[in-house]
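Chains as they are written, first to last, in the numbering used here: chain A, 116 to 429; chain B, 116 to 429. Yeah, the Cβ is synthetic: ideal placement off N, Cα and C, and Gly gets one too. Structure, as structure tokens:
2 protein chains.
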Amino acid sequence: MTDPSPSSVFERITLCGLGLIGSSLARAIQASGAVGELIGTDHSETVCARADELGICSHVVPSLAEAVQDSDLVILCVPVGAMGELAQAMAPHLRDGVIISDVGSVKDHVTEAVRQHLPDTAHLIPAHPIAGTEHSGPDAGFAELFENRWCILTPDADTPADAVAKLRLLWERCGAKVDEMTPAHHDLVLAVTSHVPHLIAYTMVGVADDMERVTENEVINYSAAGFRDFTRIAASDPTMWRDVFLTNRKATLEILGRFTEELFALQRAIRTDDGEALHQYFTRTRAIRRGILDAGQDVDVPDFGRRAAKPPSD
Amino acid sequence: MTDPSPSSVFERITLCGLGLIGSSLARAIQASGAVGELIGTDHSETVCARADELGICSHVVPSLAEAVQDSDLVILCVPVGAMGELAQAMAPHLRDGVIISDVGSVKDHVTEAVRQHLPDTAHLIPAHPIAGTEHSGPDAGFAELFENRWCILTPDADTPADAVAKLRLLWERCGAKVDEMTPAHHDLVLAVTSHVPHLIAYTMVGVADDMERVTENEVINYSAAGFRDFTRIAASDPTMWRDVFLTNRKATLEILGRFTEELFALQRAIRTDDGEALHQYFTRTRAIRRGILDAGQDVDVPDFGRRAAKPPSD
Chain A
116 MTDPSPSSVF ERITLCGLGL IGSSLARAIQ ASGAVGELIG TDHSETVCAR ADELGICSHV
176 VPSLAEAVQD SDLVILCVPV GAMGELAQAM APHLRDGVII SDVGSVKDHV TEAVRQHLPD
236 TAHLIPAHPI AGTEHSGPDA GFAELFENRW CILTPDADTP ADAVAKLRLL WERCGAKVDE
296 MTPAHHDLVL AVTSHVPHLI AYTMVGVADD MERVTENEVI NYSAAGFRDF TRIAASDPTM
356 WRDVFLTNRK ATLEILGRFT EELFALQRAI RTDDGEALHQ YFTRTRAIRR GILDAGQDVD
416 VPDFGRRAAK PPSD
Chain B
116 MTDPSPSSVF ERITLCGLGL IGSSLARAIQ ASGAVGELIG TDHSETVCAR ADELGICSHV
176 VPSLAEAVQD SDLVILCVPV GAMGELAQAM APHLRDGVII SDVGSVKDHV TEAVRQHLPD
236 TAHLIPAHPI AGTEHSGPDA GFAELFENRW CILTPDADTP ADAVAKLRLL WERCGAKVDE
296 MTPAHHDLVL AVTSHVPHLI AYTMVGVADD MERVTENEVI NYSAAGFRDF TRIAASDPTM
356 WRDVFLTNRK ATLEILGRFT EELFALQRAI RTDDGEALHQ YFTRTRAIRR GILDAGQDVD
416 VPDFGRRAAK PPSD
């Protein structure tokens, strides 16, 4: 086994799943020097081969049992619906005292699905880095994905404090800011800030695709800022998002209920020509945008930075 | 009067309203060399003074009557709800044969509101450049705003073809691609690609602002891609958007009805655990995104180009 350098946080980390998040995390961990040896594995042989070519891990090990057996941290980077099965498959091969974490967008359901399979000696610390793009696969990842983004940990009261501190430090070394909350509160917050917005974007793009009196060319050519941003959101991985909605059903349905209530109120204002109500509503929402810019969670440039950005050459 | 250069399309153009679109158009027209003399005016003295400082027009003329009286093209760059009143105020001062155009996001209602005030000798050619950012005011404009974006003209059958051709050429000289359609069809297309997406984004940001169990700090810090993009859309000018919804009421309400119908179907799929239906829906919407990229109406870079973009220095 490689000797950890003095600044290592873990001796040996295994990332299970090398898609957008897993491969970004691999790059970020390697760049941070926070690990002695980084093992990557994936159920897809193609992904394993590609990750090996990219050289983003110390070793890519296709066998799950071999990949996890000597690690002091194992992070599950797979769609939320696949976490339970993956935990069950790796459980017999885990070393005593291992820390198990994940990067799933839902925490309550996933925590239960994973915990039931783990040995008593393992410490489960669910995590969710709030970062991503609409792209998928090992080539889509980049080391800076987590820089200045938040990572939420949802440990329970029984988790040893030093295990939580080590995982927190790893994420900080990858550039993230770290917060802790309960799984249920996480799921409510994310339903508001991510899950329902994604469902709405998918729906609006679906409506456009369905219109008989508006051609697909018209939708594509005249996609103004609003719709163009929706299509970017709605291009995200279908499997990941199916799992998010099915496993965060309660909070999603609650927030959807609030959303349709407000939408109907605005619809009524349009129908009854109540310009004052519309103007007040639209003015209020500007303040939240200012807060996001002040918190450094986005940049504020003309045309959303697209003038500065160059399309990929391929 | 300045002699037009050989490549001028118009001798003298007046832009009424020097906000984001008006001031961008001023910069684009000046850069194109398509006009002899460019006059800017605005009902706000502050905006006139700032536009004068910025030097984006040949002359800034605060008096509307003086600003329009010798121009062969006058473009109304004000919120949709202000177009009728502006047309009425300028009508007595227009020169014979003048072309009147606008940049409003709604065409059917605006066309009627403007046409009723114009003298018979004026040629009305409504226009809508599909371009913008969430910023407002003369400082927010930039000459490249219309580059490779579409501008839709909605002339009626009686408009002289040479007048339409000149306006088309002006927009092409500003970098835009030009299409023509009826006002009513324009309003339906834009309800799908812009108006309803904006209303939805405003609504979702309003819901987040209203939640008692989720703090504003949580909303701001954990604003993932979905919500973060919504806040950008929902930061757009409240007056402009109030006017859009009130004047494009019919198409907005029709598309909203379609939207809620589809949203309820997805909500039902979540409630009944129908993962297959969700996955199929989310897969279909990816194709539209690909079409928009292929049409050059957006760029496809990791993190939406934000890594490459730098916040403004002020």
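Secondary structure of Phe-397 (chain B) (DSSP, three-state): helix. Taking a beta-carbon distance threshold of 9 Å, Leu-133 (chain A) does not count as an interface residue toward chain B. Legend: CB atoms of the segment 332 to 357 of chain A lying less than 7 Å from CB atoms of chain B belong to residues Glu-333, Val-334, Ile-335, Asn-336, Tyr-337, Ser-338, Ala-339, Ala-340, Gly-341, Phe-342, Arg-343, Asp-344, Phe-345, Thr-346, Arg-347, Ile-348, Ala-349, Ala-350, Pro-353, Thr-354, Trp-356 and Arg-357.
Near chain A, meaning a CB-to-CB distance below 7 Å, the residues of the segment 380 to 405 of chain B are Leu-381, Gln-382, Ile-385, Arg-386, Asp-388, Gly-390, Leu-393, His-394, Tyr-396, Phe-397, Thr-398, Arg-399, Thr-400, Arg-401, Ile-403 and Arg-404.
Per DSSP, the continuous beta strand (DSSP E) segment holding Val-150 (chain B) begins and ends at 150 to 156. His-301 (chain B) is not bridged by DSSP to any residue.
Against chain B, a Cβ distance below 8 Å from His-174 (chain A) picks out nothing, because the smallest value is about 26 Å. Looking only at B:Ala-246, B:Glu-331 and B:His-310, the smallest Cα-Cα distance to Ala-143 (chain B) is reached by B:Ala-246. Cβ proximity to chain B below 9 Å picks out Val-311, Pro-312, His-313, Leu-314, Ile-315, Ala-316, Tyr-317, Thr-318, Met-319, Val-320, Gly-321, Val-322, Ala-323, Asp-324, Asp-325 and Met-326 from the segment 311 to 327 of chain A. C-alpha of Leu-378 (chain B) to C-alpha of Gly-155 (chain A): approximately 39 Å in a straight line. Within chain B, Ile-385 and Leu-393 have C-beta atoms less than 7 Å from the C-beta of Phe-360 (chain A), given in sequence order. Under the three-state reduction of DSSP, Ile-335 (chain B) is assigned to helix.
DSSP, read as helix, strand or coil, puts Ser-216 (chain B) in strand. Beyond the five residues adjoining it in sequence on each side, Ala-228 (chain A) comes within less than 6 Å, by CB distance, of Met-198 and Gly-199 in the same chain, given in chain order.
The beta carbon of His-232 (chain B) is closer than 8 Å to those of Gly-199, Ala-202, Gln-203 and Ala-206 in its chain, skipping five residues each way along the sequence. Pairing Pro-275 (chain A) with Asp-235 (chain A), the inter-Cα distance amounts to about 13 Å. In the DSSP secondary-structure assignment, Lys-292 (chain B) is bridged to B:Trp-265. The beta carbons of Ala-349 (chain B) and His-313 (chain B) sit closer together than 9 Å. Nearest to Leu-368 (chain B) by alpha-carbon distance, out of A:Thr-362, A:Thr-387 and A:Arg-373, is A:Thr-387.
Neighbours of Ala-410 (chain A) in chain B, taken as residues at a C-beta separation under 7 Å, are given in chain order as Ile-335 and Asn-336. The Cβ neighbour count for Gln-382 (chain A), taken over all protein chains shown within 10 Å, is at least 16; the residue is labelled buried. The CB of Leu-371 (chain B) comes closer than 7 Å to the CB of Gln-382 in chain A, given here in chain order. Gln-184 (chain A) counts as buried, since no fewer than 16 other beta carbons sit within 10 angstroms of its beta carbon.
Residues of the same chain with a CB within less than 8 Å of the CB of Gly-196 (chain B), apart from the 5 flanking positions on each side, are Thr-354, Arg-357, Asp-358, Leu-361 and Thr-362 in chain order. For Ala-384 (chain A), the number of other beta carbons within 10 angstroms of its own is at least 16, and it is reported as buried. Spatial neighbours of Ile-370 (chain A) in its own chain (CB-CB distance under 7 Å, excluding positions within 5 residues in sequence) are listed in chain order as Ala-306, Val-307 and Val-311.
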